[in-house]
Each structure stands twice: as structure tokens, then as C-alpha cells.
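**Student:** Please read through the structure below; I'll follow up with questions.
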Amino acid sequence: MNTAELLERESFVELPARARVERLLDAGTRRELVGPFERLSSPWLAKQDIVTQADDGVIIARGTIDGTAVVVAAIEPAFQGGSMGEVGGAKIAGALELAADDAAAGSPVVPVLLLETGGVRLQEANCGLAAIAEIHAAIVALREFVPVVGVITGPVGCFGGMSIAAGLCSHLIVTREARLGLNGPQVIEQEAGIEEFDARDRPMIWSLLGGEQRTATGLVDARVDDDLAAIRAEIGAAVIQAPGPLHRTADIATWEAMLEHIDPAERAEAGDVRAAFARHFGGCHD
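According to this note's numbering, the sequence shown is numbered sequentially starting from 42.
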């Protein structure tokens, strides 16, 4: 790709959450639900002298993508690191539950989840965890009717309980800059030591948790460049797919067999991880 083509791209990662939603939806179709003027901010952050945000860092909007009815939930990574609290989590869970009601009534609406989150917000952990569990249950229920599309694009990545939500999605899209893991690098280093995982070693982190590695091991379905048009096109193709079984959440025996052959005493290397997935899942994606 030459310089002129690169400069013509519009970065998706650099857009705030509300702008991402607006640019993804067909012109004139966006209708935001429980927006900032509803003033549903976290009741817990203010008690700890932490500045709140009127939408609690989660944007919910109905509209269409290439004519397909969708509901988009976007997490704002610039607010509290994209952490999930009671209000933001309830907004996503509620949107998914309403989409399930629509699907059961014969009016399917496809959910698109823009996941840029470090997981549950520690200041309201129990409330956030309960909301994340509701999100998981709603995704599983919805997958019987419509595809559930997840998108991870920025370096904040997707961690904690919301990484499980990402794994439950019918179709998961990432960029090379994205990261996906149950525990973040700082947490792993804190619990297992720097010898196990150096949170300052960025090349190592992306080699194991980055979008390219997650695509190669089949944990995600598509990797695209940080380009608004390319990401929108990939989402547009995903929202019209027929719902079907998701093997990565159902093939428990194969996962158990792979784990039995992993020595936890050995530090993981990117190549070893790819080889393990290739042996047990019949090859990796390019």
C-alpha cells in the first residue's frame, strides 16, 4: 500500500464511541437510547470523588447498517478505561434483552458490540459483575435468532468478563492493534510475577494477545485494518449471516484435550500457542 492510499484511510480507533456508532449506521437512521440527557450516571463513582459521565461510558443506538436493523452498543475507552459498571452494564444487557424480545416476535434486530474495555469497574465490582453475567446470558439467548457481532479495535483491548462476552459472539472482528484476553498484562504480572509476564514488554504482549495472534488461532473470525470503511464493510457482511452453532464455545472436549498437553511451568511463546491450536483444532487461520 502506498502513502496516498494510507492517508485516505479514516481511523476507526481514533474515533470516540459515539462517533463510531454514528459512522457505522446508515445516514439518518441513528436513534440513541438512554442517552446522556437521561443523566443515568454511576451512583458509586461520585461517592468516591470520581468524576462521572452522563451516559456512564456506554452508547446504545438503534438504526440500520446497509439496510439491516441493528442495535449498537459502544463502550467509550476514554472513560475509566472502558470499565463496566452497574449502569453501563445494565444498558447493554437491557438492549440485548429487548433485541431478544424483538427476535422472538419475528422482528429481528442484530446486536453489534463495540468492545473496548478492561472489564468490570473495581469501584462497583459486584454490580458490574452481575451486569456482565446478564450480558453473557443475553448473548447466548440471542444467538439462536440472529448473529451477535463483536468488534475489538483499539489498544485498550477487551479483558475480564467482557472478554468472555467477546468469545460468545457469533462473529468477532478485530484489528491488528486490538488485544483480547481474560486477564490483562498488569494483572498477570501482579499475580504471577514479571518472569511470567512483563507488562512493559509490548511486542511480547501483542504477540500473545494481539489481533493477529487471536486471528491465527481461530479465536476471532476476521482481522481488518484500522480503516472505517473496511470495518464497516466487515460488520455489514456479518450482520446478514444466518445464526448457527458456535464451535469455540461448544467443543469442550477439544479444549480440554489441548489444555492437558500444556505445561504451565513453561512460559508461553506465540509460536507454541499457534502450534497447539493447529494440533487440536485442525489448523490455524492465516
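Idealized CB from N, CA, C, for every residue including glycine.
The structure presented is a predicted model; accordingly, all values stated were derived computationally and were not measured.
Quick one: grab the DSSP three-state call for G191.
**Tutor:** It is a strand residue.
**Student:** Which one of G126, H212 and S52 has the shortest CA to CA distance from V261?
**Tutor:** If we check each option's Cα against that of V261, H212 comes out closest.
**Student:** With distances taken between CB atoms, is the gap from G108 to E117 smaller than 8 Å?
**Tutor:** No, the pair does not count as a contact, with Cβ atoms beyond the cut-off.
**Student:** For V150, which residues in the same chain have their Cβ closer than 6 Å to its Cβ, ignoring the five residues on either side in sequence?
**Tutor:** So the qualifying residues of the chain are A110, V112, A140 and D143.
**Student:** With DSSP as the reference, label A75 as helix, strand or coil.
**Tutor:** It is Val, not Ala, that sits at residue 75 in the sequence shown. Reduced to three states, the DSSP call for V75 is coil.
**Student:** Is the beta carbon of I276 less than 8 Å from the beta carbon of V197?
**Tutor:** No.
**Student:** Across which residues does DSSP place C80 in a beta bridge pair?
**Tutor:** Strictly speaking, residue 80 in this sequence is Arg, with Cys absent from that position. Note: R80 sits in no beta bridge, so no partner.
**Student:** Excluding the 5 residues flanking H321 on each side, which residues of the same chain have their C-beta closer than 7 Å to its C-beta?
**Tutor:** Counting only Cβ-Cβ distances below 7 Å, and skipping sequence neighbours, we find T295, A298 and M299.
**Student:** In chain order, what residues of the same chain have a beta carbon less than 7 Å from the beta carbon of A309, not counting five sequence neighbours either side?
**Tutor:** Same-chain partners within the cutoff: L249.
**Student:** Please confirm whether W247 has its beta-carbon closer than 8 Å to some beta-carbon of chain D.
**Tutor:** Absent from the structure: chain D. Only one protein chain is present.
**Student:** With distances taken Cα to Cα, identify the nearest neighbour of V187 among P284, R64 and R71.
**Tutor:** Of the listed residues, the one whose Cα sits closest to V187 is P284.
**Student:** Please go through the region 67-142 and give each complete beta strand (DSSP E) segment of 3 or more residues, from N-terminal end onward.
**Tutor:** Entirely contained in the region 67-142, the beta strand (DSSP E) runs reaching 3 residues are, in chain order, 72-74, 99-106 and 109-116.
**Student:** For the alpha helix (DSSP H) containing I276, name the first residue and the last one.
**Tutor:** Note, I276: alpha helix (DSSP H), L269 to A279.
**Student:** Starting from H321 and walking both ways along the beta strand (DSSP E), at which residues does that stretch end?
**Tutor:** Run containing H321: none in the beta strand (DSSP E); it sits in the alpha helix (DSSP H), A311 to F322.
**Student:** Report back the beta-carbon spacing between A271 and V265 to the nearest angstrom; my notes put them in contact at under 8 Å.
**Tutor:** Indeed they touch by this definition, with Cβ atoms about 5 Å apart.
**Student:** With a CB to CB cut of under 7 Å and the five nearest residues on each side skipped, what residues in its chain are close to H326?
**Tutor:** Confidence is the limiting factor: at H326 the pLDDT is only 47, short of 50, which leaves the residue's position unreliable and the question unanswerable from this model.
**Student:** Going by CA-CA distance only, name the one from A146, R217, E218 and C168 that's closest to L183.
**Tutor:** Taking only the C-alpha atoms, the option nearest L183 is A146.
**Student:** Can you tell me whether DSSP reads H302 as helix, strand or coil?
**Tutor:** Correct three-state label for H302: coil.
**Student:** Taking only runs of the beta strand (DSSP E) that begin and end inside the region 136-179, which ones reach a length of at least 3 residues, in chain order?
**Tutor:** Fully enclosed beta strand (DSSP E) runs of 3 or longer: 151-155.
**Student:** Is R264 helix, strand or coil by DSSP?
**Tutor:** Reduced to three states, the DSSP call for R264 is strand.
**Student:** Per DSSP, which one or two residues make a beta bridge with H288?
**Tutor:** DSSP lists no partner for H288.
**Student:** On the criterion of 16 or more Cβ atoms from any shown chain inside 10 Å, does K132 qualify as buried, or is it exposed?
**Tutor:** Buried, since its Cβ has 16 or more Cβ neighbours within 10 Å.
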